[in-house]
Amino acid sequence: MAKKFIMVMLTSLAVIFVITGTAYMYKAGVFEPYPEPVYLDQEQSAERPVYSQLSKEEQALYTTLYNGVREQKTEIPLPYEIDGDTYTKLYCILEKQESDIFYMSSTFYTAEKIRKARMAYREIPGDIPAMEAELEKAVAEFADELSQLGDYEKALKIHDYIIEKCTYEIDYDDGLGATAYGCLMNGSSHCEGYAKAFDVLAKACGLESIVVTGVTDEGENHAWNQVKIHGEWYNCDVTWDDTDTVDDLRHTYFLVEDESFTETHTADTEHFAPFACRATENTYFNKNDLYINNDECAEEIITREIEARNPQIELKFADKELYEGFKERFVEGEEIFQIILASGVEGELTISVTENEKELCLMLTMPF
Numbered sequence: 000m001a002k003k004f005i006m007v008m009l010t011s012l013a014v015i016f017v018i019t020g021t022a023y024m025y026k027a028g029v030f031e032p033y034p035e036p037v038y039l040d041q042e043q044s045a046e047r048p049v050y051s052q053l054s055k056e057e058q059a060l061y062t063t064l065y066n067g068v069r070e071q072k073t074e075i076p077l078p079y080e081i082d083g084d085t086y087t088k089l090y091c092i093l094e095k096q097e098s099d100i101f102y103m104s105s106t107f108y109t110a111e112k113i114r115k116a117r118m119a120y121r122e123i124p125g126d127i128p129a130m131e132a133e134l135e136k137a138v139a140e141f142a143d144e145l146s147q148l149g150d151y152e153k154a155l156k157i158h159d160y161i162i163e164k165c166t167y168e169i170d171y172d173d174g175l176g177a178t179a180y181g182c183l184m185n186g187s188s189h190c191e192g193y194a195k196a197f198d199v200l201a202k203a204c205g206l207e208s209i210v211v212t213g214v215t216d217e218g219e220n221h222a223w224n225q226v227k228i229h230g231e232w233y234n235c236d237v238t239w240d241d242t243d244t245v246d247d248l249r250h251t252y253f254l255v256e257d258e259s260f261t262e263t264h265t266a267d268t269e270h271f272a273p274f275a276c277r278a279t280e281n282t283y284f285n286k287n288d289l290y291i292n293n294d295e296c297a298e299e300i301i302t303r304e305i306e307a308r309n310p311q312i313e314l315k316f317a318d319k320e321l322y323e324g325f326k327e328r329f330v331e332g333e334e335i336f337q338i339i340l341a342s343g344v345e346g347e348l349t350i351s352v353t354e355n356e357k358e359l360c361l362m363l364t365m366p367f
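Residue numbers for the sequence shown follow numbering that gives the first Met the number 0, beginning at 0 and rising by one.
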């Protein structure tokens with residue numbers, strides 16, 4: 000009798016376990032069919048340089064996540080079961096590179112194995128569809144004004160516009176400080192917002208652009224951009240060019256090659272590889288003939304810029320000796336005043352000098 004009772008109990012427990020386990024698996028989606036893989040079309044792919052670095056399976060997963068996030072779904076069934084590392088990679092790329100999706104959270108749920116993504120979104124005060132439409136309209140109007148310009152001119156306009164539009168803020172309480180919306184619509188963000196704003200505007204203007212994250216030479220987390228100009232990739236850090244001082248617009252970190260840029264910026268390569276930036280033709284100082292590589296050209300450049308009545312003259316020097324020599328001769332030795340007077344400028348002369356010794360750059364603010 001006792002043995003029979005034990006067998007009945009064991010059988011009952013087994014049945015309960017099967018029922019409970021089956022219910023759990025249904026809830027977890029184990030018995031749900033995988034959705035069909037989908038991919039971005041050719042035009043969408045061309046606008047997303049990092050997407051091309053993904054495998055075919057990763058591209059399908061990325062596209063599925065992208066479509067689900069666009070609809071603000073809280074659960075997104077994936078076309079494949081993936082491990083947590085792969086999911087982390089794809090989520091992080093999506094959150095940084097889809098710069099116009101300002102409501103996507105930088106924090107996310109993960110697990111050892113995932114076949115259904117559980118999504119989290121930023122807590123944002125306001126009507127998200129209305130905010131999306133507002134941002135899209137502003138971006139489209141800006142891009143339309145630049146439609147006839149070349150690549151370099153577009154990138155320059157975007158760089159300068161963001162600096163004039165936005166103020167750098169570390170502390171914010173609206174949840175939008177790391178977004179393009181915060182930068183472009185609220186006029187306040189930190190480095191990630193600057194980078195995403197540049198990315199949104201660049202893509203709207205037909206430029207290939209990505210957001211890069213990493214650390215500075217002082218070990219601080221940071222974000223910047225890479226943008227393709229006339230077929231070549233360049234680094235661009237709008238945040239570091241913004242001094243938040245009226246009429247102080249710098250271009251030290253606008254379109255920079257890797258050789259000098261990587262002295263102060265180290266990219267995170269965990270999830271994707273940033274592009275090599277080797278070209279120098281369209282760096283700001285080369286493009287505008289403001290690069291000083293010998294003593295003779297220094298006076299020629301200064302004289303040309305003064306005669307053109309440029310109120311700000313930005314210079315970059317080939318080495319520290321030239322940098323120090325220029326300061327000693329033209330600033331401390333006041334030769335620059337002689338050139339100004341010779342150009343016909345009269346009255347009291349005051350010149351402001353802004354130094355960036357680390358980058359061997361000087362900015363001269365002139366009295367006209």
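For glycine and all other residues, C-beta sits at the position ideal for the given N, C-alpha and C.
Mapping DSSP to helix, strand and coil, what is isoleucine 228? Indexing the sequence shown from 1 puts residue 228 at position 229. Strand.
Residues near isoleucine 127 in its chain [Cβ-Cβ closer than 6 Å; skip 5 each side]: Within the sequence shown, numbered from 1, the residue matching residue 127 stands at position 128. Around isoleucine 127: Tyr102.
Measure the alpha-carbon distance for methionine 130 versus serine 98 and round it to whole angstroms. Counting from one through the sequence shown, the residue named residue 130 turns up at place 131. Counting from one through the sequence shown, the residue named residue 98 turns up at place 99. Distance between the alpha carbons of methionine 130 and serine 98: 14 Å.
Close-in-space but distant-in-sequence residues of the same chain around threonine 364 (CB under 6 Å, 5 per side omitted): One-based indexing of the sequence shown puts residue 364 at position 365. The answer, listed in chain order, is Gln311 and Ser351.
Short Cβ contact (9 Å threshold) for tyrosine 408 with threonine 62: The chain is shown only over 0 to 367; residue 408 falls outside these bounds and no answer can be derived.
Just to confirm, is the Cβ distance from aspartate 159 to leucine 254 under 9 Å? The residue you call residue 159 lines up with position 160 of the sequence shown. The residue you call residue 254 lines up with position 255 of the sequence shown. In this structure, leucine 254 does not lie closer than 9 Å to aspartate 159 by Cβ.
Please confirm if the region 181 to 199 is in contact with the region 227 to 234, defined as three or more CB-CB distances below 8 Å between the two stretches. no
Contacting residues, own chain, Cβ-Cβ under 7 Å from glutamate 94 (five flanking each side not counted): Taking the first residue of the sequence shown as position 1, residue 94 is located at position 95. Closer than 7 Å at the Cβ level, and outside the excluded window around glutamate 94, lie Met103 and Ser105.
Near glutamine 58, which residues of its chain fall below 6 Å by C-beta distance, leaving aside the five closest residues on each side in sequence? Residue mapping note: residue 58 aligns to position 59 of the sequence shown, counting from 1. Here the set comprises Tyr38.
So, is leucine 340 buried or exposed, given that buried needs 16 or more other C-beta atoms within 10 angstroms? The sequence position of residue 340 within the sequence shown is 341, counting from 1. Exposed, by the Cβ-count rule.
Can you tell me the Cα-Cα spacing of aspartate 243 and glutamate 35, whole angstroms? Numbered from 1 along the sequence shown, position 244 holds the residue referred to as residue 243. Numbered from 1 along the sequence shown, position 36 holds the residue referred to as residue 35. Near 49 Å, if we compare the C-alpha coordinates of glutamate 35 and aspartate 243.
Beta strand (DSSP E) containing phenylalanine 316: first to last residue? As a working mapping, residue 316 is identified with position 317 in the sequence shown. Element bounds for phenylalanine 316: 311 to 316.
Using three-state DSSP, classify phenylalanine 367 as helix, strand or coil. Position 368 of the sequence shown, counted from the first residue, corresponds to residue 367. Note: phenylalanine 367 maps to coil in three-state DSSP.
Please work out which residues of its chain come closer than 7 Å, Cβ to Cβ, to glycine 213, disregarding the five sequence neighbours upstream and downstream, and give them in chain order. Mapped onto the sequence shown, residue 213 falls at position 214. Closer than 7 Å at Cβ, skipping near neighbours: His221, His264, Thr265, Ala266 and Asp267.
Whole angstroms are fine: how far does the CA of cysteine 190 sit from the CA of leucine 89? For the purposes of this step, residue 89 is taken as the residue at position 90 of the sequence shown. For the purposes of this step, residue 190 is taken as the residue at position 191 of the sequence shown. One C-alpha to the other measures close to 22 Å.
On the three-state DSSP scale, how would you describe threonine 353? Counting from one through the sequence shown, the residue named residue 353 turns up at place 354. DSSP places threonine 353 in strand when its eight states are reduced to three.
Return helix, strand or coil for phenylalanine 253, following the three-state DSSP convention. As a working mapping, residue 253 is identified with position 254 in the sequence shown. Note: phenylalanine 253 maps to strand in three-state DSSP.
Whose C-alpha, out of Glu133, Gly218 and Val237, is nearest the C-alpha of lysine 164? Counting from one through the sequence shown, the residue named residue 164 turns up at place 165. Comparing Cα positions, the closest option is Val237.
Mind checking who glutamate 74 pairs with in its DSSP beta bridge? The residue given as residue 74 occupies position 75 in the sequence shown. Its beta-bridge partners are Arg117.
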